[in-house]
Each structure stands twice: as C-alpha cells, then as structure tokens.
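Notes for the one structure printed next.
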Amino acid sequence: MTSVPPAPPDPTARAAAVFERLGAERLDALDALYAPDARFKDPFHEVQGLAAIRAIFARMFAQLDEPRFVVHERLGDATQGFVTWTLAFRWRGQRQGRRIRGATHFRFDADGRITEHRDYWDAAEELYGQLPLLGALMRWLAARVAGGAHRG
Numbered sequence: 001m002t003s004v005p006p007a008p009p010d011p012t013a014r015a016a017a018v019f020e021r022l023g024a025e026r027l028d029a030l031d032a033l034y035a036p037d038a039r040f041k042d043p044f045h046e047v048q049g050l051a052a053i054r055a056i057f058a059r060m061f062a063q064l065d066e067p068r069f070v071v072h073e074r075l076g077d078a079t080q081g082f083v084t085w086t087l088a089f090r091w092r093g094q095r096q097g098r099r100i101r102g103a104t105h106f107r108f109d110a111d112g113r114i115t116e117h118r119d120y121w122d123a124a125e126e127l128y129g130q131l132p133l134l135g136a137l138m139r140w141l142a143a144r145v146a147g148g149a150h151r152g
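Going by full-length UniProt numbering, 43 is the number at position 43 of the sequence shown; the sequence numbering is gapless.
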C-alpha cells in the first residue's frame, strides 16, 4: 500500500502533493485523500463515491501514456481550496505530447478530506482542438463566433 504524503496544515497543499505524485501504481493514495461519499465532476464525468472516483483515474492511466499533473498555483483554507494545473500526457501509441490546462475547486470535511472535487477546463480548446479534423472545425467555429461578437 502506498502512503499518502504527510498532511500539511493546508488540505489544498496536501491534495496538490498527492496529484503531482499520482500514478497508476499509487491510486490507493486517493483513499485517504477523499471522503468515502465524495463527489467528482469534470467536463466528462459526474460521479459520487470513492470507488467511482478511483475508476476515473484508473481509466485515465490506462488510456494515456505518462499522464502527469503539474500544479501551478493553489490557495485555500480548512474548508475549500482552488488549484490551477496542467495535465501533460501522450495518447496511447502516439509520440506527440499533449497538455490540458485547468483548475480545480475542492471542498473539505473537518478531517481535511475532499468531499467535492470540481474540475474546470475547456474541452473544446484543450482536447477537441488538438485533434486534426475536429480541431480545424473548432477553430473555424471560434473564428465565426469571435467575428460575430464584434458586429453591432
């Protein structure tokens, strides 16, 4: 069993440290980080419970090569926290590195465990925009919307 880093006084710092060290072989670190009935939401998932949250991260490590979170900034207190991050990865079988930039809002219980984890990132720009055909369509649509916004 992999141990969770020692709990700093700030639960946001603890969460950031776990995510920066997270790997397929370290998913058990999530057990001490999350409350058993925690909720998780991102652009593709909305689940409740530790088992469902672990399954999301297990699937990520199974589908991507070398996914790694880098936390850039964090702030918080004993009840909630906010971090900005980059997820660097490669699609399985591809050589080109990719990245997704986002932010996470955490809510903590009295023991400093995560009860709510909400990821914010733009799937259109950060993910779909990196795909060859769909990316071109997304850029065209963005240009059309931006052009329309400047008209009276």
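For each residue, glycine too, the CB sits at the ideal point set by N, CA and C.
| Query | Result |
| --- | --- |
| So what does DSSP say about T12, is it helix, strand or coil? | helix |
| DSSP on R21, reduced to helix/strand/coil? | helix |
| For G147, which three-state DSSP category applies? | helix |
| Find out if the Cβ-Cβ distance for the pair P36, G81 is shorter than 8 Å. | no |
| Check this for me: beta carbons of F69 and I56, under 8 Å apart or not? | no |
| Hey, quick one: how far does the alpha helix (DSSP H) through A35 stretch, first residue to last? | Element bounds for A35: not the alpha helix (DSSP H) but the beta strand (DSSP E), 34-41. |
| Can you check whether the CB of A16 is closer than 8 Å to the CB of R92? | no |
| Is the beta carbon of F61 less than 8 Å from the beta carbon of G112? | no |
| For L30, I'd like the list of residues in its chain whose CB is within less than 6 Å of its CB, leaving aside the five on either flank, ordered along the chain. | R54 |
| Would a C-beta distance cut-off of 8 Å place A123 and P43 closer than the cut-off? | yes |
| Among the candidates D65, L33, R59, whose CA atom is the shortest distance from the CA of Q96? | D65 |
| Please classify R14 as buried or exposed, where buried requires at least 16 other C-beta atoms within 10 Å of its C-beta. | buried |
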